[in-house]
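S.K.: Okay, handing you the structure first.
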Amino acid sequence: GLLLGALTGRLHSSEALLARLGLRRYFSFYLYAGELGVFKPDPRMYQEALRRSRLPAAEVLLVGDRASDVRGARSMGLASLLICREGAPPAADAPSLSDLRELLDWF
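Under this note's numbering, think of the first position of the sequence shown as 5, with each following residue one higher.
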């Protein structure tokens, strides 16, 4: 019962890469910054992701790899988790994981 969406700060789409890796089919939507002309944590990125998901903010979890993205999501009412890769310090104001694979245990 989960809906997955991809929200990236890239200027150009990585959707073809997701397709080549066989992952695109798992995502209900894909949104990249170049589409909107704004970057996270601009609220318009999160608003568009919510529009595409057709879910209220209270039912969405953003998993991000930058503290600013996580804070931006939280300012829009989304729950969030921070992925702290390669020894990056966790954000004091957000739950964090050290590896995306830990997300399964978190659920």
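Every residue gets a Cβ at the ideal spot worked out from N, C-alpha and C, and that includes glycine.
The structure presented is a predicted model; accordingly, all values stated were derived computationally and were not measured.
Taking the alpha-carbon of G38 as reference, which of S18, R24, R55, G26 has the nearest alpha-carbon?
M.R.: Out of S18, R24, R55, G26, S18 has the C-alpha closest to the C-alpha of G38.
S.K.: From L59 to L6, what distance separates their C-alpha atoms?
M.R.: Their backbone Cα atoms lie some 11 Å apart in a straight line.
S.K.: Nearest-angstrom Cα distance between K44 and G13?
M.R.: Taking the straight line from one Cα to the other gives about 6 Å.
S.K.: Taking just the CA atoms, how far does A20 sit from L82?
M.R.: Approximately 27 Å, taken between the alpha carbons.
S.K.: Return helix, strand or coil for S32, following the three-state DSSP convention.
M.R.: Coil.
S.K.: Whole-angstrom Cβ separation of Y50 and A77, contact assumed at under 8 Å?
M.R.: With 8 Å as the limit, Y50 and A77 qualify as a contact, their Cβ atoms being about 6 Å apart.
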